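Here is the structure we will look at, set down as C-alpha coordinates.
Numbering (this note's numbering), first residue to last: 214 to 564.
Spelled out as C-alpha coordinates, the structure:
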(Lines of atoms letter the chains of each structure in order from A and count residues from 1; the text may use other names and numbers.)
(Lines give C-alpha, C1' and ligand atoms only; values in the text may rest on other atoms or scores of the structure.)
Protein backbone atom coordinates (compact mmCIF):
# COMPACT_ATOMS: atom_id res chain seq x y z
CA UNK A 1 0.00 0.00 0.00
CA UNK A 2 1.34 3.45 -0.89
CA UNK A 3 2.64 5.37 2.11
CA UNK A 4 1.27 8.57 0.57
CA UNK A 5 -2.26 7.35 1.41
CA UNK A 6 -1.45 8.02 5.08
CA UNK A 7 -0.36 11.63 4.68
CA UNK A 8 -2.18 14.69 6.02
CA UNK A 9 -1.40 18.30 6.91
CA UNK A 10 -1.27 19.46 10.51
CA UNK A 11 -0.84 23.04 11.74
CA UNK A 12 2.18 23.28 14.04
CA UNK A 13 0.10 24.99 16.73
CA UNK A 14 -1.89 21.77 17.25
CA UNK A 15 1.22 19.83 18.33
CA UNK A 16 1.03 19.64 22.13
CA UNK A 17 4.18 20.80 23.93
CA UNK A 18 2.94 19.98 27.45
CA UNK A 19 0.38 17.48 28.75
CA UNK A 20 -3.10 18.31 30.01
CA UNK A 21 -3.23 18.98 33.73
CA UNK A 22 -4.63 16.99 35.37
CA UNK A 23 -3.90 14.22 32.90
CA UNK A 24 -7.47 12.95 32.66
CA UNK A 25 -8.74 16.43 31.72
CA UNK A 26 -7.55 15.81 28.15
CA UNK A 27 -10.18 15.70 25.42
CA UNK A 28 -11.46 12.41 24.04
CA UNK A 29 -12.85 11.88 20.54
CA UNK A 30 -15.06 8.79 20.34
CA UNK A 31 -14.72 7.42 16.81
CA UNK A 32 -17.60 5.19 15.78
CA UNK A 33 -20.08 5.54 12.91
CA UNK A 34 -20.47 9.04 14.35
CA UNK A 35 -17.96 11.29 16.12
CA UNK A 36 -18.47 12.45 19.71
CA UNK A 37 -16.46 15.16 21.45
CA UNK A 38 -15.91 14.09 25.05
CA UNK A 39 -13.27 14.13 27.79
CA UNK A 40 -11.04 11.34 29.09
CA UNK A 41 -13.02 11.48 32.35
CA UNK A 42 -16.03 10.25 30.33
CA UNK A 43 -14.26 6.96 29.59
CA UNK A 44 -15.92 4.87 32.35
CA UNK A 45 -19.35 5.67 30.95
CA UNK A 46 -18.31 4.39 27.51
CA UNK A 47 -17.43 0.97 28.91
CA UNK A 48 -19.54 -1.78 30.42
CA UNK A 49 -19.03 -3.92 33.53
CA UNK A 50 -16.94 -6.90 32.53
CA UNK A 51 -15.01 -5.08 29.80
CA UNK A 52 -11.26 -5.38 30.25
CA UNK A 53 -8.68 -2.66 29.64
CA UNK A 54 -5.18 -3.92 28.90
CA UNK A 55 -2.28 -1.55 29.59
CA UNK A 56 1.48 -1.46 29.07
CA UNK A 57 3.55 -1.18 32.26
CA UNK A 58 6.87 -0.35 30.61
CA UNK A 59 8.90 2.48 32.13
CA UNK A 60 10.77 5.02 30.02
CA UNK A 61 14.50 5.21 30.71
CA UNK A 62 16.46 8.46 30.45
CA UNK A 63 17.93 7.29 27.18
CA UNK A 64 19.15 10.61 25.72
CA UNK A 65 22.71 11.74 26.40
CA UNK A 66 24.71 14.84 25.51
CA UNK A 67 28.40 14.23 25.01
CA UNK A 68 31.62 15.02 23.18
CA UNK A 69 33.40 13.03 20.51
CA UNK A 70 36.98 12.10 21.39
CA UNK A 71 36.93 13.54 24.91
CA UNK A 72 35.64 16.44 27.04
CA UNK A 73 36.85 19.07 24.51
CA UNK A 74 35.65 17.33 21.35
CA UNK A 75 32.70 18.17 19.15
CA UNK A 76 29.21 17.99 20.61
CA UNK A 77 27.21 14.85 20.01
CA UNK A 78 23.73 13.66 21.03
CA UNK A 79 22.94 10.00 21.59
CA UNK A 80 19.58 8.29 22.05
CA UNK A 81 20.05 4.71 23.20
CA UNK A 82 17.83 1.78 22.30
CA UNK A 83 18.20 -1.96 22.74
CA UNK A 84 17.06 -3.38 19.40
CA UNK A 85 19.82 -5.75 18.31
CA UNK A 86 21.93 -4.85 21.34
CA UNK A 87 23.79 -6.95 23.91
CA UNK A 88 22.73 -4.91 26.92
CA UNK A 89 23.83 -7.52 29.45
CA UNK A 90 27.42 -7.00 28.29
CA UNK A 91 27.20 -3.21 28.09
CA UNK A 92 26.69 -2.97 24.31
CA UNK A 93 23.82 -0.77 23.15
CA UNK A 94 22.43 0.50 19.89
CA UNK A 95 21.91 4.24 19.47
CA UNK A 96 20.84 7.03 17.17
CA UNK A 97 23.61 9.60 17.01
CA UNK A 98 23.53 13.25 15.88
CA UNK A 99 25.60 14.33 14.05
CA UNK A 100 26.63 10.92 12.74
CA UNK A 101 28.62 11.80 9.60
CA UNK A 102 31.96 12.29 11.39
CA UNK A 103 31.56 9.22 13.57
CA UNK A 104 34.24 6.54 13.05
CA UNK A 105 34.72 3.03 14.37
CA UNK A 106 36.75 3.15 17.56
CA UNK A 107 35.78 6.72 18.43
CA UNK A 108 35.29 7.31 22.14
CA UNK A 109 32.24 9.34 23.16
CA UNK A 110 32.59 11.17 26.49
CA UNK A 111 29.38 11.89 28.43
CA UNK A 112 30.58 12.54 31.98
CA UNK A 113 33.63 11.76 34.13
CA UNK A 114 33.88 7.97 34.21
CA UNK A 115 31.06 7.54 31.66
CA UNK A 116 32.21 6.87 28.09
CA UNK A 117 31.39 4.61 25.15
CA UNK A 118 33.40 3.26 22.25
CA UNK A 119 31.85 3.15 18.77
CA UNK A 120 31.74 -0.49 17.63
CA UNK A 121 29.48 -0.14 14.61
CA UNK A 122 28.49 2.65 12.24
CA UNK A 123 25.17 1.86 10.55
CA UNK A 124 22.68 3.57 8.27
CA UNK A 125 20.35 6.38 9.27
CA UNK A 126 22.58 7.70 12.04
CA UNK A 127 22.59 4.44 14.00
CA UNK A 128 25.65 3.17 15.83
CA UNK A 129 26.75 0.44 18.19
CA UNK A 130 28.20 1.68 21.50
CA UNK A 131 30.25 -0.32 24.02
CA UNK A 132 29.98 0.93 27.61
CA UNK A 133 31.69 -2.11 29.15
CA UNK A 134 34.71 -0.25 30.59
CA UNK A 135 32.73 2.07 32.88
CA UNK A 136 32.55 1.59 36.64
CA UNK A 137 28.78 2.12 36.76
CA UNK A 138 26.18 0.18 34.81
CA UNK A 139 24.60 2.01 31.89
CA UNK A 140 21.24 2.14 33.67
CA UNK A 141 22.81 3.71 36.77
CA UNK A 142 24.68 6.26 34.65
CA UNK A 143 21.54 7.10 32.67
CA UNK A 144 19.65 7.78 35.90
CA UNK A 145 22.35 10.32 36.78
CA UNK A 146 23.22 11.86 33.41
CA UNK A 147 20.46 11.04 30.93
CA UNK A 148 17.36 13.04 30.00
CA UNK A 149 13.96 11.81 28.89
CA UNK A 150 13.93 10.91 25.17
CA UNK A 151 11.11 13.16 24.09
CA UNK A 152 10.24 13.12 20.39
CA UNK A 153 11.75 15.97 18.36
CA UNK A 154 8.44 17.78 17.83
CA UNK A 155 8.32 18.55 21.59
CA UNK A 156 10.77 21.41 21.95
CA UNK A 157 13.06 21.34 24.96
CA UNK A 158 16.49 22.74 25.87
CA UNK A 159 19.47 20.43 25.43
CA UNK A 160 19.57 19.58 29.14
CA UNK A 161 15.86 18.69 29.25
CA UNK A 162 13.14 19.87 31.63
CA UNK A 163 12.66 18.31 35.06
CA UNK A 164 8.86 18.15 34.71
CA UNK A 165 9.16 15.68 31.83
CA UNK A 166 10.64 13.06 34.14
CA UNK A 167 7.15 12.63 35.58
CA UNK A 168 4.99 13.91 32.71
CA UNK A 169 6.47 11.44 30.17
CA UNK A 170 5.89 8.45 32.45
CA UNK A 171 2.55 6.67 32.81
CA UNK A 172 0.86 5.86 36.11
CA UNK A 173 1.34 2.21 35.14
CA UNK A 174 5.15 2.44 34.68
CA UNK A 175 6.98 -0.37 36.45
CA UNK A 176 9.57 -2.14 34.26
CA UNK A 177 12.50 -0.12 32.88
CA UNK A 178 13.22 -0.46 29.18
CA UNK A 179 11.24 1.90 26.91
CA UNK A 180 12.84 4.73 24.94
CA UNK A 181 9.45 6.32 24.22
CA UNK A 182 6.31 6.47 26.34
CA UNK A 183 3.22 4.38 25.56
CA UNK A 184 1.39 7.67 25.25
CA UNK A 185 -2.23 6.53 25.57
CA UNK A 186 -1.38 5.57 29.14
CA UNK A 187 -0.34 9.15 29.93
CA UNK A 188 -4.01 10.12 30.28
CA UNK A 189 -4.65 7.90 33.30
CA UNK A 190 -4.78 9.01 36.91
CA UNK A 191 -5.55 7.15 40.11
CA UNK A 192 -8.90 8.96 40.13
CA UNK A 193 -9.78 7.65 36.67
CA UNK A 194 -8.65 4.13 37.56
CA UNK A 195 -10.87 4.20 40.65
CA UNK A 196 -13.84 5.28 38.50
CA UNK A 197 -13.18 2.46 36.03
CA UNK A 198 -12.98 -0.08 38.83
CA UNK A 199 -16.21 1.24 40.35
CA UNK A 200 -17.83 0.79 36.93
CA UNK A 201 -16.83 -2.89 36.97
CA UNK A 202 -14.16 -2.55 34.28
CA UNK A 203 -11.34 -5.07 34.63
CA UNK A 204 -7.64 -4.33 34.16
CA UNK A 205 -4.77 -6.46 32.90
CA UNK A 206 -1.14 -5.60 32.28
CA UNK A 207 1.52 -6.56 29.80
CA UNK A 208 4.98 -5.19 29.06
CA UNK A 209 6.26 -3.93 25.72
CA UNK A 210 9.45 -1.87 25.82
CA UNK A 211 8.70 0.80 23.25
CA UNK A 212 11.60 1.05 20.84
CA UNK A 213 12.83 3.29 18.03
CA UNK A 214 10.27 1.98 15.55
CA UNK A 215 7.71 4.20 17.28
CA UNK A 216 9.35 7.44 16.17
CA UNK A 217 11.32 6.48 13.06
CA UNK A 218 9.90 7.88 9.81
CA UNK A 219 8.77 5.53 7.07
CA UNK A 220 11.28 6.22 4.29
CA UNK A 221 9.88 3.91 1.60
CA UNK A 222 7.07 4.49 -0.90
CA UNK A 223 5.25 1.22 -0.24
CA UNK A 224 4.39 -0.24 3.17
CA UNK A 225 5.54 -3.67 1.94
CA UNK A 226 9.12 -2.38 1.88
CA UNK A 227 9.19 -1.06 5.46
CA UNK A 228 10.91 -3.13 8.15
CA UNK A 229 9.87 -2.57 11.77
CA UNK A 230 12.41 -2.55 14.59
CA UNK A 231 11.84 -5.39 17.03
CA UNK A 232 10.62 -4.65 20.56
CA UNK A 233 10.79 -6.90 23.61
CA UNK A 234 7.55 -7.78 25.34
CA UNK A 235 5.93 -10.12 27.83
CA UNK A 236 2.43 -11.38 28.56
CA UNK A 237 2.42 -13.49 31.70
CA UNK A 238 0.34 -16.62 32.18
CA UNK A 239 -1.82 -14.73 34.67
CA UNK A 240 -2.43 -11.81 32.30
CA UNK A 241 -3.34 -14.10 29.40
CA UNK A 242 -5.76 -16.02 31.63
CA UNK A 243 -7.38 -12.80 32.90
CA UNK A 244 -7.88 -11.42 29.38
CA UNK A 245 -9.22 -14.70 27.99
CA UNK A 246 -11.56 -15.21 30.93
CA UNK A 247 -13.04 -11.75 30.38
CA UNK A 248 -13.53 -12.48 26.67
CA UNK A 249 -15.27 -15.78 27.41
CA UNK A 250 -17.61 -13.96 29.81
CA UNK A 251 -18.60 -11.53 27.05
CA UNK A 252 -16.41 -8.58 27.98
CA UNK A 253 -14.85 -6.42 25.31
CA UNK A 254 -11.06 -6.14 25.18
CA UNK A 255 -9.91 -2.52 25.13
CA UNK A 256 -6.25 -1.90 24.30
CA UNK A 257 -4.71 1.15 25.95
CA UNK A 258 -2.44 2.24 23.16
CA UNK A 259 -0.85 0.88 20.02
CA UNK A 260 1.93 -0.93 21.89
CA UNK A 261 -0.60 -2.96 23.87
CA UNK A 262 -2.57 -3.76 20.74
CA UNK A 263 0.53 -4.85 18.82
CA UNK A 264 1.60 -7.33 21.49
CA UNK A 265 -1.93 -8.73 21.88
CA UNK A 266 -2.16 -9.23 18.12
CA UNK A 267 1.29 -10.85 18.09
CA UNK A 268 0.17 -13.58 20.46
CA UNK A 269 -3.54 -14.05 19.69
CA UNK A 270 -4.72 -17.30 18.15
CA UNK A 271 -7.33 -17.61 15.41
CA UNK A 272 -10.18 -17.32 17.92
CA UNK A 273 -8.77 -14.17 19.53
CA UNK A 274 -7.47 -15.82 22.68
CA UNK A 275 -4.16 -14.49 23.98
CA UNK A 276 -1.18 -16.76 24.51
CA UNK A 277 1.50 -16.13 27.16
CA UNK A 278 4.54 -14.58 25.49
CA UNK A 279 8.09 -13.53 26.26
CA UNK A 280 10.33 -12.34 23.45
CA UNK A 281 10.51 -9.89 20.57
CA UNK A 282 7.85 -8.73 18.14
CA UNK A 283 8.25 -6.77 14.92
CA UNK A 284 4.59 -6.93 13.88
CA UNK A 285 3.67 -4.19 11.39
CA UNK A 286 -0.08 -3.60 11.12
CA UNK A 287 -1.56 -1.93 8.04
CA UNK A 288 -5.04 -1.88 6.47
CA UNK A 289 -6.11 -5.39 5.56
CA UNK A 290 -4.98 -6.86 8.87
CA UNK A 291 -7.67 -8.99 10.51
CA UNK A 292 -7.81 -8.06 14.18
CA UNK A 293 -8.39 -11.04 16.45
CA UNK A 294 -7.91 -9.96 20.06
CA UNK A 295 -9.05 -6.33 20.49
CA UNK A 296 -12.51 -4.78 20.23
CA UNK A 297 -11.71 -1.17 21.05
CA UNK A 298 -8.59 0.96 21.26
CA UNK A 299 -7.69 4.08 23.25
CA UNK A 300 -4.91 5.99 21.52
CA UNK A 301 -3.48 9.44 20.83
CA UNK A 302 -3.45 11.30 17.51
CA UNK A 303 -0.46 10.19 15.46
CA UNK A 304 1.98 11.59 12.92
CA UNK A 305 1.22 11.49 9.19
CA UNK A 306 2.79 8.59 7.27
CA UNK A 307 3.81 6.93 10.56
CA UNK A 308 3.41 3.24 11.36
CA UNK A 309 1.07 4.27 14.18
CA UNK A 310 -1.27 6.16 11.86
CA UNK A 311 -1.25 3.11 9.58
CA UNK A 312 -2.20 0.94 12.55
CA UNK A 313 -5.17 3.09 13.60
CA UNK A 314 -6.28 3.27 9.96
CA UNK A 315 -6.22 -0.53 9.89
CA UNK A 316 -8.23 -0.73 13.11
CA UNK A 317 -10.89 1.93 12.53
CA UNK A 318 -10.85 2.07 8.72
CA UNK A 319 -8.75 4.45 6.66
CA UNK A 320 -11.55 6.75 5.51
CA UNK A 321 -13.14 6.86 8.96
CA UNK A 322 -9.85 7.73 10.66
CA UNK A 323 -9.09 10.41 8.09
CA UNK A 324 -12.51 11.96 8.74
CA UNK A 325 -11.87 11.77 12.49
CA UNK A 326 -8.53 13.56 12.12
CA UNK A 327 -10.08 16.29 9.97
CA UNK A 328 -12.75 16.76 12.64
CA UNK A 329 -10.08 16.87 15.36
CA UNK A 330 -8.16 19.56 13.49
CA UNK A 331 -11.28 21.69 13.02
CA UNK A 332 -12.14 21.35 16.71
CA UNK A 333 -8.63 22.22 17.90
CA UNK A 334 -7.67 18.87 19.45
CA UNK A 335 -4.06 18.65 20.60
CA UNK A 336 -1.93 16.12 18.69
CA UNK A 337 0.87 13.63 19.33
CA UNK A 338 2.54 12.40 22.53
CA UNK A 339 1.32 15.07 24.97
CA UNK A 340 -1.95 15.60 23.12
CA UNK A 341 -5.54 14.44 23.41
CA UNK A 342 -6.96 10.94 22.95
CA UNK A 343 -9.48 9.05 20.89
CA UNK A 344 -11.44 5.89 21.58
CA UNK A 345 -11.68 3.83 18.39
CA UNK A 346 -14.32 1.22 17.63
CA UNK A 347 -13.06 -1.57 15.40
CA UNK A 348 -14.19 -1.35 11.80
CA UNK A 349 -15.80 -4.40 10.22
CA UNK A 350 -12.80 -4.54 7.90
CA UNK A 351 -9.52 -2.66 7.65
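Where a beta carbon is used, it is the ideal one built from N, C-alpha and C, also for glycine. Since the structure is predicted, the reported quantities are computational estimates derived from the model, not experimental observations.
Touching by the beta-carbon criterion (3+ pairs, under 8 Å), the stretch 218-229 and the stretch 545-562: Touching, yes, given that three or more Cβ pairs across the two stretches are closer than 8 Å.
Which of helix, strand or coil DSSP assigns to residue 401: As a working note, residue 401 is residue 188 in the chain shown. Three-state result, residue 401: helix.
Segment limits, beta strand (DSSP E) that includes residue 388: Here residue 388 refers to the residue found at position 175 of the chain shown. In the DSSP assignment, residue 388 falls outside any beta strand (DSSP E), carrying neither H nor E.
Residue 591 and residue 331 closer than 9 Å at C-beta: Outside the displayed range of the chain (214 to 564) lies residue 591, so it cannot be described from this structure.
Boundaries of the beta strand (DSSP E) in which residue 215 is found, first to last residue: Here residue 215 refers to the residue found at position 2 of the chain shown. Residue 215: not part of any beta strand (DSSP E); DSSP gives it neither H nor E.
Close-in-space but distant-in-sequence residues of the same chain around residue 490 (CB under 6 Å, 5 per side omitted): Along the chain shown, one-based indexing puts residue 490 at 277. Correct list, in chain order: 449, 451, 454.
Stretch-stretch touch, CB-based, cutoff 8 Å, three pairs: the stretch 251-268 with the stretch 400-408: When C-beta atoms of the stretch 251-268 are compared with those of the stretch 400-408, three or more pairs fall below 8 Å, so the two segments count as touching.
Uninterrupted alpha helix (DSSP H) stretches inside the stretch 236-301 (no shorter than 4 residues): Listed in chain order, they are 256-259.
Element boundaries [beta strand (DSSP E), containing residue 458]: Position 245 of the chain shown holds residue 458. Per DSSP, residue 458 belongs to no beta strand (DSSP E); it is in the alpha helix (DSSP H), 451-462.
Beta-carbon gap between residue 306 and residue 352 smaller than 9 Å: Taking the chain shown and counting its residues from 1, one reaches residue 306 at position 93. Taking the chain shown and counting its residues from 1, one reaches residue 352 at position 139. Taking 9 Å as the cut-off, the Cβ atoms of residue 306 and residue 352 count as close.
Boundaries (first-last residue) of the alpha helix (DSSP H) holding residue 495: Walking along the chain shown from the start, residue 495 turns up at place 282. For residue 495, no alpha helix (DSSP H) encloses it; the enclosing beta strand (DSSP E) starts and ends at 491-495.
Counterpart residues of residue 514 in DSSP-defined beta bridges: The residue labelled residue 514 in the question sits at position 301 within the chain shown. Partner(s): 555.
Inter-residue CB distance, residue 276 and residue 424 (contact presumed, cutoff 8 Å): The count along the chain shown starts at 1 and reaches residue 276 at position 63. The count along the chain shown starts at 1 and reaches residue 424 at position 211. Not confirmed; about 11 Å, so no contact.
Residue from 509, 518, 387 whose Cα sits closest to the Cα of residue 487: Within the chain shown, the letter at position 274 stands for residue 487. Closest by alpha carbon: 509.
Proximity below 9 Å, CB of residue 512 to CB of residue 467: Your numbering for residue 512 matches position 299 in the chain shown. Your numbering for residue 467 matches position 254 in the chain shown. No, the Cβ-Cβ distance between residue 512 and residue 467 is not below 9 Å.
Residue from 492, 525, 286, 535 whose Cα sits closest to the Cα of residue 248: Position 35 of the chain shown, counted from the start, is the residue given in the question as residue 248. The candidate whose alpha carbon is nearest that of residue 248 is 535.
Three-way DSSP call (helix, strand, coil) for residue 578 in this model: In the structure as shown, the chain starts at 214 and stops at 564, and residue 578 therefore has no counterpart that could be examined.
Contact the stretch 315-323 vs the stretch 409-425: 3+ CB pairs below 8 Å: The stretch 409-425 and the stretch 315-323 do not touch, with fewer than three beta-carbon pairs separated by less than 8 Å.
Residue 178 classed as buried or exposed, judged by whether at least 16 other C-beta atoms fall within 10 angstroms: Because the chain is modelled from 214 through 564, residue 178 falls outside the range shown and cannot be assessed.
Residue 503: first and last residue of the uninterrupted beta strand (DSSP E) it sits in: Position 290 of the chain shown, counting from 1, holds the residue named residue 503. Residue 503: not part of any beta strand (DSSP E); DSSP gives it neither H nor E.
Residues sharing a beta bridge with residue 308, DSSP: In the chain shown, the residue the question calls residue 308 occupies position 95. Paired residue(s): 294, 341.
Beta-bridge pairing of residue 562 - partner residues as DSSP gives them: The sequence position of residue 562 within the chain shown is 349, counting from 1. Under DSSP, residue 562 shares a beta bridge with no residue.
Stretch pair the stretch 433-444 + the stretch 376-392: three plus CB contacts closer than 8 Å: No: the two stretches stay apart, fewer than three of their Cβ pairs being nearer than 8 Å.
Residue 457 beta carbon near the ligand ZN (any heavy atom closer than 8 Å): As presented, the structure is devoid of all ligands, the ligand ZN included, so that no description of it is given.
Option in 472, 474, 485, 415 with minimal Cα separation from residue 462: The sequence position of residue 462 within the chain shown is 249, counting from 1. Comparing Cα positions, the closest option is 485.
Nearest-angstrom Cα separation, counted from residue 301 out to residue 519: For this step, residue 519 is matched to residue 306 along the chain shown. For this step, residue 301 is matched to residue 88 along the chain shown. One alpha carbon belongs to residue 519, the other to residue 301, and they sit about 31 Å apart.
Given residue 472 as reference, the closest of 542, 457, 521 once Cα atoms are compared: Residue numbering aside, residue 472 sits at position 259 when the chain shown is read from its first letter. Shortest Cα-Cα distance from residue 472 to any of 542, 457, 521 involves 521.
Buried or exposed (CB count within 10 angstroms, at least 16 for buried), residue 234: By one-based count along the chain shown, residue 234 stands at place 21. Exposed.
For residue 331, the three-state DSSP class (helix, strand or coil): In the chain shown, counting from the first residue as 1, residue 331 sits at position 118. Three-state DSSP puts residue 331 in a strand.
Coil, strand or helix - residue 441 by DSSP: Numbered from 1 along the chain shown, position 228 holds the residue referred to as residue 441. Here residue 441 sits in coil by DSSP.
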